[in-house]
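Visitor: Protein chains in written order, with the working numbering: chain A, 1 to 346; chain B, 347 to 692; chain C, 693 to 1038; chain D, 1039 to 1384.
The beta-carbon is built from N, C-alpha and C at its ideal position, and this holds for glycine as well.
Take a look at the following structure, please.
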C-alpha cells in the first residue's frame, strides 16, 4: 500500500527517536521545567529573534487551541475564524466548551483578509444592540490553512494591522507551520510571526514529532499565568521533557524546515502529475496537502493500493479527496502513485 | 410621538396590574412554590390538555433559553437553529457560555424544515470523523420566528417527527407565542405544542406581562431537577409569585389570546396600508412585526414623529425597519401612522 | 399567623408601588437605558460621592454574583469566600458553573479577616506547585454576612488593603446592605464601600423592592463591557426601567435607610426579648436576622402560630432557627411573638 | 544523586521502549482506532473479566479526570471527593472549569467511607432548600489515595453500594493503580473494579509508561459518545497508537503488576528503615509513597544527595516530605538512602 492519507501516520523522524533514546535515563524535573524544554525554547526565541517571548509545549492541536483561547478572551468575546477553520469544524466544539462563540466568516480559500476583519468589527460596533451580540475579541488564522493555502507576508501584515487597530488579539495556528514557511514563494519567517502575532504555535505532531506543539507568546497579557491554564485544561504533560526534547531535536540543524521542504517537494511532484492529467482541484495549494477531484470509479480502484482521505462529494460521479505528503514520503512512492493515476485516468 | 418600536415598551396590561395589586399583602412562599404559580401552571396544563407537564416560570427570554438548553444537551452536543435564530444572534453568546455550539442553518424565512434537520443529522453521522464535530442534540425553533413568520401544524408536525427519528429534543421559543398562535390562518394550539415539542415556553414579557416566561416541559429527562438548574443559572426569582400571578391573570378569560389577536389585527391594518403604498417588505409576516423597506429620506422624516426599530441597510438609499404592534396599540395610532406614511411616500 | 421567616415575603414597600404606578404608561427605552435607571444611578453615585462609578441593575442575587464574578476573574482564578458565604452554599454551584472554584475559608462569625486573606495568598504562592492549584483572584464578602454579622470600617479597610497588596479584587455582596449600614454601631457608609471595594451591590429584593440589585463598580477592568456579560448571563431585563424606578423610589428621601433602620429596630426588640428569656443564639447579630436555639417542643408549638425558618439541628433536643424582620414588621407583631415565646419558655 | 521524588522521573520501562521501537514504521489509523489500542483494550477487558467494557486511552491524569467527569454529571451536579483528593487540590480547578463543584469531605486518611456518602446525600435531600445547593452526582475516589492508603475490597464494596443506593456514579482514579492493587494485603482485582465502579482508570504515566491512562467504563450512559468528549477536551491523541502500544507492552506477561510489586517492595525496605529510626510518618501507607516527618537540619543535609518532594511544614523544626519509589528504583539506592538517613539521624 501507498500511504498518502495524512502527515502524522508515521511515529516520528528518526532523529527525534535518537534524541529521546540518548537522553533516556537522565533525571530531570517534570511539568516542562527541564533543560530540554529550556533548550528548545531558547532555539525558538533565537529563530524568532526575540528573547522576551514565552514558549510552552503542549501535546496536541485541539488542546493548544482551547488553552490559548481560554487564556486570551473575556467571557463575552468570540473568536473570528474562517468558516473552514479547524476550531469551527473539527474540534467537537472545544472552543464553545470554554464558553466562547466562533465567529465564522466565509472565505474562498480559507484565508481571512484584513478587510473582512475591519468589516466584521465595524458592523458589530455600529449596531445599536451591539451588547446583545458576541464581541469580537480575537482572530484565529491557520498557516497553512485547512485548504493548504498560505498567507503572504503582505497579507499577514495587513491582518495583523487590522487586529491591532481593532483591539483584537491575533492567534496563528501552525499545526502544519513548517509546510507553510517553506512553501514555494513563501516569504514569512518565524521572526515575522513573533512580530505580527500575539500568539502562534509551531506544530510538531504533523511535522516530524511523535506529538507536541510549541506555543510562542509575545503578548504579555496572554503569557501571564499561562501555565496555570495549561494545567487546568489538562495540557501540562507530567514528563514535559518529552516535548522539549522532540523540539530540541527538530530545531537542531534546520531539521524542522528541511523535512518540511522535503514534504512540499514531494507534493510538488504529485501536483505536477495531477496537473498533467488535467485533474481539477478543490483548492489550489502550495503546501503538502492536495485536494484533487476524481471520478468515483477511479477512486474505487485507487483505494485498493493507496490510502488517502475522502473529502466531500462534489457531484454525482466525483468526489474530492486529500493526498498528503510528509517527511517520510519517498520519491519512488510519489512516482508509483503518479503511474497508478495515469493508468486509471486513461 | 407614535410608538411602534417593539411589543414591550409598555409596562403591562392593566389586568395584570390589577391582579398584582389585589394579592399584594398576602403572605406566600418564595421561589415559585406558591398558590399563584400553581394556579397558573394548572391553567397551562389544562390548555395543553396534559396534566403531567412540568411548568416553571422564569424572568426573561435569554435566561430561559440558556437554562433550558443547559438542562437538556450533553457537553458534546450542539443546538440546531436557523441562522437568524435569537440564540444565534442576539444573546451575546449565552448558549456558548453554557458550553454548547449553535449549529446555524441558513433559511429563507427563519423557519427550519424537517428536511434540513434530516440532512444535517445524516451529514454528521455519515462523516468518518463525526466524533471530531459537534453532535446535534437539540433543535431550537421560534414561533413566530425572528422574521415574524409562523409554522403550520403540518410543518411543525414534520419538524417534530424529524427530531424524534433523529434522537433530537425539540425546543420551541415562544417569546411572542400569542401572536403566532392567533395569526391569520394559524392552526397550532397549545395542546399541539405540548404534544410535538419536548419543551417550549409561553412568552409573557412581549405579550402583556411586566416580565416572565412560562416554560412547559413534556420530556421527563429535561424536567428532572429543572429547578436546580434554574437556581444555578440565576433564574429562580425570590418572589416567584410575581411570575405566577402575572400568568394567572393573562390566562384568565382568554386574555393572553385576546390581546395577541388585537396586536395582530393592528398589524394587519398597517400591513394593508403598506401594501397599498407598494412598500416592499424584508419578509412576509402574518404576526405583529412588519419589516418594510423604506427610502432614507422618508425614514429621516418619519423618525421625527414615530419610534421604530432600524434593521439593516438594504441598498444605498433604502433601509429595512421594523414596526411592531402590541396589546397597547390603538387603531387611531395605526391610522395616524398610515396617514403619515401616505404623505411621505407621495 | 405571624410572619418572621424572611425579609422578602412582602411584595414591596408601598412607595415603590406608587412610583411604578405613577410612571406606568410612559414610553421609555428598554434594557436599562432609560431615565429611571439614570436617575437611580445618579442618586447612587451621589451617595457614594463618586461620579465615575458604573451602576447597573440586575434582578436577583445569584444572577448578580455570577455575573460580577464572571466579569472579573480569569479562568484559572478562584474566589475566596467564608465557607458560610452564599456563593459557597446556596447558589447550586452558580459560580462553578461559570468555571471558577470557590476557595472556602472557615470563619467563626461569617467574616473574613485581612490575615486570612494574606495567609491564603502567601500559602498559594509559596507552594512549589502553585500552578497546580487555583490562583486566588477575588475576595467575596457579604455585609451583613449570612450569619447577620457586620464588618466595622476598620475591619473592612484592612480587608480592602489586604486585597490590594495581594492583587485581588474585592467584591461585597450587599443583598441585605441596608440592614448592615444602619445596624447599631455600624460605621460604614456607601462612600466607604465605593472607595474600599472594587464592586459591590445594594440589595433591593430583601430591602423593600419587588426585586432588583444595584451593582456599583469602581474598578475600570470590571466595568468594561459589563452590559455584554449581563446580557450573556440572562441578567439584562427587557423592561429595565422597572429596576431603575424601584431604586429611584427607594433612594428618595432616605427611604432605603429608613426602612432598614426600622427592621433593625424590630429585630432589636425581639433580640432583647430572647435575651431576657435566656435563649442562646447560634450567632450574635446586630442586624435584622436572629438565630435563636430553641427546644424542639417549643418549636413544635410555635410553628402553629409563627412562620420562621429552620436552620440546622444543634443537639438532640434543640434546633437553631431564624427570625427575620423587614420593613413590613410591626411592633405589635414583635410583641405578640415575644409573648408567645414567654409563654412557651416558662 | 539519589532520586526518590516521584514515580515519573524516568521516561518509561525498557520493554515499553522496545515495543514502540518494534512497531515504528508500521502504518495504522490515528485517533485511537488501531490494532495496538484494540489489543490493549482486549487485554484489559480480559483482566476485568468483562467483554462489554468500553476502554479509551488518554494522555494524562488531569485530562482524564476532567473528561470523565464532564461526560458523567449534569450541570447542577457536583462530585464528592476527599478534601485531599487530586481533583480538589492539584488540578488548578479543572473540574470547576467544566462547571462542576467538588463537594469536599474531610477524611483522616484520604479514604471516603460509605457512611460519609450516605450522610452527605441524606443531608442534601433532607434540606428544605436542597435545590439551592449542588446536587451530589458522582463519587470520586483514588486508589491508592493521595496519602498512599488503599481501600480493602470490603470498603470498596460498601462505597459502591452506597453510590448505587444513592443514585451516584462511582469513579476511581487509578493514576497509581498498580501500586494499590499489589500492596501488601491488598485484596482488590481489576475485575472487582470493573464490577464495583462505573468508571475507573489504569494509570500509565506513574507506572512505567511514558504517558497514558487507560479509562475503563462499565456504565453505558458514561460510555455513550465518550470519544466526542475526549476530542472536545483535547484528549484524543492524533497518534493514538502510541498509547495503545504502551499499555499493550505493560499488560504483556504481567509487567504492569510486576513493576508495581517491585516499587512497593522498595518502599517496604525504606519504610522498615524509617521505622527502625523511629521517624514519625504523616500518614501510614502501604504503597510506593512514604511521608516521613524529618527535622529541618536533617533535610538540609539530605537535600545535597537525595531528591525528594517537600510537603508542608509540621512544626517549627520539622517538615513532612515524600519519598517515592518506582519500577526504576534499585535496592542499592534504597540502601544508600537508608545509610544516609541513619547517619543524619544519629
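What are the boundary residues of the alpha helix (DSSP H) that includes residue 432 of chain B?
Guide: Mapped onto the second chain, residue 432 of chain B falls at position 86. First-last of the alpha helix (DSSP H) with residue 432 of chain B: 432-435.
Visitor: Along the segment 118-133 of chain A, what residues have a CB closer than 8 Å to any CB found in chain B?
Guide: If the cut-off is 8 Å between Cβ atoms, the segment 118-133 of chain A has 128, 129, 131, 132 and 133 near chain B.
Visitor: Under 7 Å Cβ to Cβ from residue 682 of chain B, same chain only, skipping five residues before and after it: list those, please.
Guide: One-based indexing of the second chain puts residue 682 of chain B at position 336. Answer for residue 682 of chain B: 348, listed in chain order.
Visitor: Buried or exposed, going by whether 16 or more other CB atoms sit within 10 Å of the CB of residue 317 of chain A?
Guide: Working through the first chain from its first residue, we reach residue 317 of chain A at position 317. With fewer than 16 other Cβ atoms within 10 Å, it is exposed.
Visitor: Against chain A, does residue 1047 of chain D count as a neighbour if the rule is that its beta carbon must be under 7 Å from one of theirs?
Guide: For the purposes of this step, residue 1047 of chain D is identified with residue 9 of the fourth chain, where counting begins at 1. So, interface residue.
Visitor: If you draw a straight line from the alpha carbon of residue 284 of chain A to that of residue 148 of chain A, how long is it in whole angstroms?
Guide: Within the first chain, residue 284 of chain A is the residue found at index 284, counting from 1. Within the first chain, residue 148 of chain A is the residue found at index 148, counting from 1. Going from the Cα of residue 284 of chain A to the Cα of residue 148 of chain A covers about 8 Å.
Visitor: If contacts are defined as beta-carbon pairs under 8 Å, then residue 903 of chain C and residue 760 of chain C qualify, I think. What distance do you get, rounded to the angstrom?
Guide: Taking the third chain and counting its residues from 1, one reaches residue 903 of chain C at position 211. Taking the third chain and counting its residues from 1, one reaches residue 760 of chain C at position 68. Contact doesn't hold; Cβ gap of about 17 Å is too wide.
Visitor: Check whether the Cβ atoms of residue 1181 of chain D and residue 1218 of chain D sit closer than 7 Å, and answer yes or no.
Guide: The residue given as residue 1181 of chain D occupies position 143 in the fourth chain. The residue given as residue 1218 of chain D occupies position 180 in the fourth chain. Yes, the Cβ-Cβ distance between residue 1181 of chain D and residue 1218 of chain D is below 7 Å.
Visitor: Helix or strand or just coil, what does DSSP make of residue 656 of chain B?
Guide: Counting from one through the second chain, the residue named residue 656 of chain B turns up at place 310. It is a strand residue.
Visitor: Beta carbons nearer than 7 Å to chain B: which residues of the segment 919-934 of chain C have them?
Guide: Against chain B - using a Cβ distance shorter than 7 Å - the residues of the segment 919-934 of chain C are 920, 923, 924, 925, 926, 927, 929, 930, 931 and 934.
Visitor: If the cut-off is 7 Å on Cβ atoms, which residues from the segment 415-435 of chain B count as contacting chain A, listed in chain order?
Guide: So the list reads 421, 422, 424 and 435, given in the order they occur along the chain.
Visitor: Any beta-carbon of chain A closer than 7 Å to the one on residue 443 of chain B?
Guide: As a position in the second chain, residue 443 of chain B is number 97, starting the count at 1. Yes, its Cβ sits closer than 7 Å to a Cβ of chain A.
Visitor: Using a threshold of 7 Å, state whether the C-beta atoms of residue 1093 of chain D and residue 1079 of chain D are closer than that.
Guide: As a first step, residue 1093 of chain D is located in the fourth chain; it is residue number 55 there, counting from the start. As a first step, residue 1079 of chain D is located in the fourth chain; it is residue number 41 there, counting from the start. Result yes, Cβ atoms of residue 1093 of chain D and residue 1079 of chain D sit closer than 7 Å.
Visitor: Nearest-angstrom Cα distance between residue 73 of chain A and residue 138 of chain A?
Guide: Within the first chain, the letter at position 73 stands for residue 73 of chain A. Within the first chain, the letter at position 138 stands for residue 138 of chain A. Taking the straight line joining both Cα atoms gives about 7 Å.
Visitor: May I ask you to list, following chain order, the residues of the segment 197-226 of chain A that have a beta carbon less than 7 Å from some beta carbon of chain C?
Guide: Here the close residues are 225.
Visitor: For residue 1203 of chain D, does the three-state DSSP call read helix, strand or coil?
Guide: Counting from one through the fourth chain, the residue named residue 1203 of chain D turns up at place 165. Note: residue 1203 of chain D maps to helix in three-state DSSP.
Visitor: For the alpha helix (DSSP H) that residue 1361 of chain D lies in, which residues bound it at each end?
Guide: On the fourth chain, position 323 is the one that residue 1361 of chain D refers to. Not the alpha helix (DSSP H): residue 1361 of chain D falls in the beta strand (DSSP E), residues 1356-1362.
Visitor: Does residue 1041 of chain D get closer than 7 Å to chain A when you measure Cβ to Cβ?
Guide: Here residue 1041 of chain D refers to the residue found at position 3 of the fourth chain. By this cut-off, residue 1041 of chain D is an interface position.
Visitor: Can you list the residues of chain A that residue 827 of chain C reaches, using a CB-CB cut of under 9 Å?
Guide: Within the third chain, numbered from 1, the residue matching residue 827 of chain C stands at position 135. Under the 9 Å cutoff, chain A gives 225 and 228.
Visitor: On the premise that residue 308 of chain A lies in contact with residue 323 of chain A, defined as a C-beta separation below 8 Å, what is that separation, rounded to the nearest angstrom?
Guide: Within the first chain, the letter at position 323 stands for residue 323 of chain A. Within the first chain, the letter at position 308 stands for residue 308 of chain A. Confirmed, Cβ separation roughly 6 Å.
Visitor: In the DSSP assignment, what are the bridge partners of residue 289 of chain A?
Guide: As a first step, residue 289 of chain A must be located in the first chain, where it is residue number 289. Residue 289 of chain A pairs with A:324.
Visitor: Have a look at the DSSP bridge pairing and note the partners of residue 746 of chain C.
Guide: As a first step, residue 746 of chain C must be located in the third chain, where it is residue number 54. Residue 746 of chain C pairs with C:909.
Visitor: Would residue 361 of chain B and residue 611 of chain B be called neighbours here (beta carbons separated by less than 7 Å)?
Guide: In the second chain, residue 361 of chain B corresponds to position 15, counting from 1. In the second chain, residue 611 of chain B corresponds to position 265, counting from 1. Cβ distance not < 7 Å, so residue 361 of chain B and residue 611 of chain B don't count as in contact.
Visitor: At the 7 Å Cβ level, is residue 401 of chain A part of the contact set with chain D, yes or no?
Guide: Because residue 401 of chain A is not part of the residues shown, which for chain A are 1 to 346, the question remains open.
Visitor: Consult DSSP for residue 354 of chain B and reduce its assignment to one of helix, strand or coil.
Guide: The count along the second chain starts at 1 and reaches residue 354 of chain B at position 8. Here residue 354 of chain B sits in coil by DSSP.
Visitor: Going by the beta-carbon positions, is the gap between residue 1069 of chain D and residue 1278 of chain D smaller than 7 Å?
Guide: Position 31 of the fourth chain, counted from the first residue, corresponds to residue 1069 of chain D. Position 240 of the fourth chain, counted from the first residue, corresponds to residue 1278 of chain D. Cβ distance < 7 Å, so residue 1069 of chain D and residue 1278 of chain D count as in contact.
Visitor: Can you tell me whether DSSP reads residue 1197 of chain D as helix, strand or coil?
Guide: For the purposes of this step, residue 1197 of chain D is taken as residue 159 along the fourth chain, with counting starting at 1. Helix at residue 1197 of chain D.
Visitor: Please report the distance separating the alpha-carbon of residue 1139 of chain D from that of residue 199 of chain A.
Guide: Locating residue 1139 of chain D in the fourth chain gives position 101, where the first residue counts as 1. Locating residue 199 of chain A in the first chain gives position 199, where the first residue counts as 1. Taking the straight line joining both Cα atoms gives about 32 Å.
Visitor: Near residue 1311 of chain D, which residues of its chain fall below 6 Å by C-beta distance, leaving aside the five closest residues on each side in sequence?
Guide: Position 273 of the fourth chain, counted from the first residue, corresponds to residue 1311 of chain D. 1376, listed in sequence order.
Visitor: List the residues of chain D whose Cβ lies closer than 7 Å to the Cβ of residue 66 of chain A, in chain order.
Guide: Taking the first residue of the first chain as position 1, residue 66 of chain A is located at position 66. Those are 1272, listed as they occur along chain D.
Visitor: Out of curiosity, what's the CA-to-CA distance linking residue 1372 of chain D and residue 1308 of chain D?
Guide: Within the fourth chain, numbered from 1, the residue matching residue 1372 of chain D stands at position 334. Within the fourth chain, numbered from 1, the residue matching residue 1308 of chain D stands at position 270. Near 6 Å, if we compare the C-alpha coordinates of residue 1308 of chain D and residue 1372 of chain D.
Visitor: Within 8 Å, do at least three Cβ pairs link the segment 783-792 of chain C to the segment 806-813 of chain C?
Guide: The answer is no - the segment 783-792 of chain C does not touch the segment 806-813 of chain C, with fewer than three Cβ pairs under 8 Å.
Visitor: So which residues of chain C does residue 439 of chain B contact, with C-beta pairs closer than 8 Å?
Guide: Taking the second chain and counting its residues from 1, the one referred to as residue 439 of chain B is at position 93. Chain C residues near residue 439 of chain B: 924.
Visitor: At least one CB of chain D closer than 7 Å to the CB of residue 793 of chain C: is that the case?
Guide: Mapped onto the third chain, residue 793 of chain C falls at position 101. It does: the Cβ of residue 793 of chain C has a partner Cβ on chain D nearer than 7 Å.
Visitor: Grab the span of the beta strand (DSSP E) containing residue 691 of chain B for me, first residue to last.
Guide: Locating residue 691 of chain B in the second chain gives position 345, where the first residue counts as 1. Where residue 691 of chain B is concerned, there is no enclosing beta strand (DSSP E), although the alpha helix (DSSP H) it sits in stretches over 677-691.
Visitor: Would the beta-carbon of residue 898 of chain C fall within 7 Å of that of residue 868 of chain C?
Guide: Start at 1 with the first residue of the third chain, and residue 898 of chain C comes out as number 206. Start at 1 with the first residue of the third chain, and residue 868 of chain C comes out as number 176. Result yes, Cβ atoms of residue 898 of chain C and residue 868 of chain C sit closer than 7 Å.
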